Amino acid sequence: MTSKIIDKITTLRAKIDEHNYHYYVCDAPLVSDSAYDKLFRELQALEAEYPQFISEESPTQRVGSQPAAGFNEITHDLPMLSLANAFSDEEVEAFARRARERLDWDDKLTYVCEPKLDGLAVSIVYEHGLFLRAATRGDGYVGEDITHNVKTIRNVPLRLRGDDYPEWLEVRGEVYMPKQGFTDLNIRMAQLGERQFVNPRNAAAGSLRQLDAQMTATRPLALYAYALGKVEEDSSPNSHYANLQRLKTWGLPVCPEISKVNGAMECLDYYRQIGSKRDALPYEIDGVVYKLDDLMQQEQLGFVSRAPRWAIAHKFPAQEEMTVIEDVEFQVGRTGAITPVARLKPVFVGGVTVSNATLHNMDEVARKDVRIGDTVVVRRAGDVIPEVASVDKSQRPDITKPVVLPTHCPVCESDVVKAEGEAVARCTGGLFCAAQRREGIKHFASRKAMNIEGLGDKLVVQLVSENQIHSSADLFSLSVEQLTGLERMGEKSAKNVVAAIEKSKATTLDKFIYALGIREVGEATARHLAQYYGNLEAVMQADQESLVQVDDVGPIVAAHVHAFFQQSHNVDIIKQLQEAGLHWPTVQVNRDELPLKGQTFVLTGSLTSLPRDEAKGRLQALGAKVSGSVSKNTSVVIAGEAAGSKLVKARELGVTVHNEQWLLELLG
Ligand code: IVH
């Protein structure tokens with residue numbers, strides 16, 4: 044009986060692995076998605092019934108259940124280097140010439156040409172054919188352990204195919220997010236009212252840096268392997284291209300656009316051919332990479348500083364286009380900063396249509412001599428907001444209009460001032476200005492502030508423009524009925540938003556101070572203020588002389604903090620927020636001697652009575668350091684439910700271990 048079940052499980056796993064190989068590596072699936080799903084569910088059901096037969100490399104075991112507390116470091120056996128860049132044909136020719144000269148080689152050299160994928164470099168180690176661990180590139184020498192996250196990537200095999208793989212195989216490659224997956228993910232994020240990612244690269248980076256692998260598993264990531272790291276085997280081919288082919292036979296995905304060519308001219312042909320397909324490729328690339336195919340030649344050439352002499356990245360030009368400025372408008376930010384924004388004749392730049400571009404500030408407008416009617420270069424550099432890079436004066440028409448800073452705020456008509464020596468002009472309307480209120484409320488609700496899930500930027504804009512709320516305090520009296528009255532808001536989402544608002548009432552002093560949106564007060568300053576004063580009233584009453592005593596606070600920040608609490612409307616809103624039920628634990632202060640100063644805590648397992656982040660914040664407020672890994676320097680390990688390897692390690696090292704109850708008493 045038992046052996047029959049083991050057989051069945053083994054056969055199912057082998058079948059699924061085989062289908063994965065044909066689907067992900069050969070790009071030629073053998074069965075329909077539904078047939079695959081059926082096999083997968085069958086295996087899941089068997090493993091649920093016989094959990095004793097679950098093994099780590101089973102295709103069902105991609106997601107662990109425990110979110111990690113942090114990322115451990117992994118030192119690379121061989122450093123992960125970067126590539127030198129070439130931006131022109133001449134630079135590529137020079138690269139090839141240098142290689143021939145150094146190798147004393149008269150003929151054309153053989154190169155492997157590969158797309159330069161726009162994602163994140165990773166190192167993955169297989170030991171005896173089984174997925175062992177994965178790391179980020181980090182600084183090239185030490186990366187972060189992202190094993191749990193990389194394991195969730197569907198096209199990364201958990202077990203290698205065949206039997207001729209090396210005992211130890213380190214594969215290097217790029218984790219990326221396909222364009223379609225990126226678009227779908229952003230639609231999902233928008234529906235959840237969460238912030239969207241600016242580009243697939245950022246989305247891939249954000250997804251790999253999740254502490255919770257279950258979250259990473261929902262992100263459409265993929266891998267292309269492009270090199271070997273440390274490998275232990277008796278003999279191996281002497282060609283990079285042959286090694287990439289071997290990776291495929293072991294089940295590792297390799298980019299299908301890779302091509303072997305002879306000489307620099309053929310490299311340049313490849314560059315143009317890939318460039319013309321670029322938009323049609325299902326993933327983003329920012330250039331191509333040429334690598335010498337012969338590994339002996341690679342070794343002979345070696346490295347200069349941190350880049351190999353045997354490879355180079357030939358980058359596509361920065362994403363710039365010309366268009367005309369039709370008008371310039373002024374946007375008002377949270378702190379009243381007024382930004383000139385160019386309204387453009389729509390232009391397609393780097394894959395998107397751009398119709399607005401920032402002009403940054405009036406000093407920049409003057410420096411670039413921008414006028415309405417000008418033809419300008421618009422640049423969209425990867426993840427940043429499109430900007431007007433320069434003006435083409437040769438195309439300036441006879442009649443243009445200068446860009447003039449308004450004397451009054453375009454939203455609330457308060458005076459606009461530009462302080463001497465400052466580039467930024469500001470609206471003086473404060474919370475009287477609808478734009479500042481709106482931006483302030485967005486900030487208040489944002490993740491690092493009150494973290495009101497589901498209350499995204501768009502919803503705040505809607506609420507403010509329909510006069511449903513005037514301040515952050517008004518959020519706390521929003522009703523489900525009020526919200527369902529809004530366009531595109533169903534009852535379920537409305538209920539979720541109201542529940543999230545309610546939940547946000549329990550916060551910490553530092554988050555609350557940060558949420559207030561005081562100029563120049565970021566997360567760190569807010570934390571220092573909270574730690575120094577311990578309670579809100581003390582912060583509100585502090586004069587500038589006292590404020591400059593706080594870590595990180597100089598005269599300018601002190602003046603902003605002081606001025607903020609001098610304004611009666613700010614004090615009123617704080618009062619309303621407290622009356623609405625916002626609360627936080629008092630922070631114990633002892634100026635120099637915080638009670639847990641010098642102590643390092645590690646939280647492991649799940650806590651039942653408070654979120655881990657809150658426990659961490661409160662420990663930090665008492666002066667403790669909270670670390671993700673146990674070492675002999677750890678003072679206390681707090682072991683929650685189902686604590687695992689960290690608890691074992693703590694025991695091994697003889698580190699003090701306490702339970703959640705003890706922690707609660709400590710935090711009072
Ligand atoms: S090879 C020593 N091949 O580009 C050579 N890198 O600037 C190591 N990249 O960190 C890199 N596609 O993240 C190589 N086909 C490719 C690549 C590639 C993208 C990235 C990689 C690396 C960076 C180097």
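Basically the numbering used here = 1-based index in the sequence shown + 43. Positions of the beta carbon are idealized from the N, C-alpha and C atoms, including for glycine. Remember, it's a predicted structure, so these values are computed and weren't measured experimentally.
- Counting only runs of 3+ residues, the beta strand (DSSP E) found wholly inside the segment 602-656 occupies 643-647, in chain order.
- Closest in C-alpha terms to His486, from the list Leu559, Asp517, Gly416 and Thr643, comes Leu559.
- Per DSSP, the continuous alpha helix (DSSP H) segment holding Gly318 begins and ends at Gly306 to Lys320.
- Membership of Glu708 in the alpha helix (DSSP H) is indicated by the continuous run Glu703 to Leu710.
- Per DSSP, reduced to three states, the secondary structure at Tyr269 is strand.
- When Cβ pairs closer than 8 angstroms are counted between the two stretches, the segment 548-566 is seen to touch the segment 610-629, the count reaching three or more.
- Near the ligand IVH, meaning a beta-carbon closer than 5 angstroms to one of its heavy atoms, we find Leu124, Ser125, Leu126, Glu157, Lys159, Leu160, Ala164, Glu217, Tyr269, Val332 and Pro351.
- When secondary structure is reduced to three states using DSSP, Gly660 falls in the helix class.
- Cβ neighbours of Val367 within its own chain (closer than 8 angstroms, five residues either side excluded): Leu387, Lys388, Gly416, Asp417, Thr418 and Val419.
- Taking one beta carbon from each stretch, the segment 372-381 and the segment 460-471 have 3 or more pairs nearer than 8 angstroms; the two touch.
- In this structure, Ala307 keeps its C-beta atom at 7 angstroms or more from the C-beta atom of Lys334.
- DSSP places Gly224 within a helical segment (H, G or I) once states are collapsed to three.
- Judged by pairs of C-beta atoms under 8 angstroms, the segment 243-252 does not touch the segment 283-292, as fewer than three such pairs exist.
- Between Gly687 and the set Leu646, Gly711 and Leu653, the nearest pair of CA atoms involves Leu646.
- Partner residues in the beta bridge of Ile381, as assigned by DSSP, are Val375 and Ala468.
- Straight-line spacing of the CA atoms in Glu580 and Thr450 works out to 37 angstroms.
- Sorting Val274, Pro122 and Arg197 by C-alpha distance to the C-alpha of Tyr169 places Val274 at the top.
- The three-state secondary structure of Tyr79, taken from DSSP, is helix.
- Secondary structure at His513: coil, using DSSP grouped into helix, strand and coil.
- Only buried fits Arg661, as 16 or more other CB atoms lie within 10 angstroms of its CB.
- For His357, the uninterrupted beta strand (DSSP E) segment begins and ends at Ala354 to Lys358.
- Tyr184 sits exposed, since fewer than 16 C-beta atoms from the chains shown fall within 10 Å of its C-beta.
- DSSP places Arg231 within a helical segment (H, G or I) once states are collapsed to three.
- Restricting attention to alpha helix (DSSP H) runs no shorter than 4 residues, the segment 485-553 encloses them at 500-508, 523-527 and 534-546, ordered along the chain.
- Here His357 is near Val331, since their CB atoms are less than 7 angstroms apart.
- Per the coordinates, the alpha-carbon of Asn676 lies some 40 angstroms from the alpha-carbon of Ala91.
- Per DSSP, Ser166 lies in no alpha helix (DSSP H); the unbroken beta strand (DSSP E) holding it starts and ends at Leu163 to Glu170.
- Arg386 has Asp370 and Asn399 as its beta-bridge partners, per DSSP.
- According to the DSSP assignment, Glu116 belongs to no alpha helix (DSSP H) but to the beta strand (DSSP E) extending over Glu116 to Thr118.
- Between the segment 586-598 and the segment 566-574 there are three or more inter-stretch CB-CB distances shorter than 8 angstroms, so the stretches are counted as touching.
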